[in-house]
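Below is one structure, written out as structure tokens; comments come after it.
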């Protein structure tokens, strides 16, 4: 069952953040037992941003090492979103491939983007930015 309910997505992200308060994105992946690797997936502008898959019940995330650090973190959390929200789409070695996170139109991609935002943006920081006119 694919989970796309915005409240459910936020609750999943909050539960992970609460369980491992203060952990970096990489520490969270390590603690969840997800293997990740930085590899050349083409140019930062035109290449793949990353992908995730599952083989023999082991989740794997590949991240384009040509991306700036902040985008590598975003891609990692986006791919984690696929793993948390839609694990059945990754069974039997199927891939979720991301070439442009900013123009997501597929429901699974939009959900993964929302998950990544929930994981990376602190609510208090966001409220402060909104109050400042952003």
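Residue numbers (this note's numbering): -4 to 129.
Glycine is no exception: its CB is placed at the ideal position from the N, C-alpha and C atoms.
Predicted model, so just to flag it, every value in this text is computed and none were measured.
- If you draw a straight line from the Cα of residue 1 to the Cα of residue 16, it comes to about 22 Å.
- Buried is the label assigned to residue 72, since at least 16 other Cβ atoms lie within 10 Å of its Cβ.
- Distance check between residue 25 and each of 36, 56, 81 places 56 closest, using alpha-carbon atoms only.
- For residue 29, the three-state secondary structure derived from DSSP is coil.
- Judged by DSSP secondary structure, residue 109 falls within the alpha helix (DSSP H) whose first and last residues are 102 to 115.
- Residue range 64 to 80 is occupied by the alpha helix (DSSP H) that includes residue 65.
- For residue 18, no beta strand (DSSP E) encloses it, and the DSSP letter there is neither H nor E.
- A check of alpha carbon separations from residue 107 across 77, 84, 123 identifies 77 as the nearest.
- Listed in chain order, the non-local C-beta contacts of residue 29 below 8 Å within the same chain comprise 54, 55, 56, 75, 78, local neighbours out to five positions each way being set aside.
- Taking each of 5, 38, 120, 45 in turn and checking the Cα distance to residue 90, the smallest one comes out for 45.
- For the pair residue 35 and residue 60, the CB atoms are nearer than the 8 Å cut-off.
- Counting only residues of its own chain and dropping the five nearest sequence neighbours on each side, residue 80 has a CB closer than 8 Å to the CB of -3, -2, -1, 4, 7, 103, 106, 107, 110.
- In this structure, DSSP gives residue 59 an extended state, which the three-state scheme calls strand.
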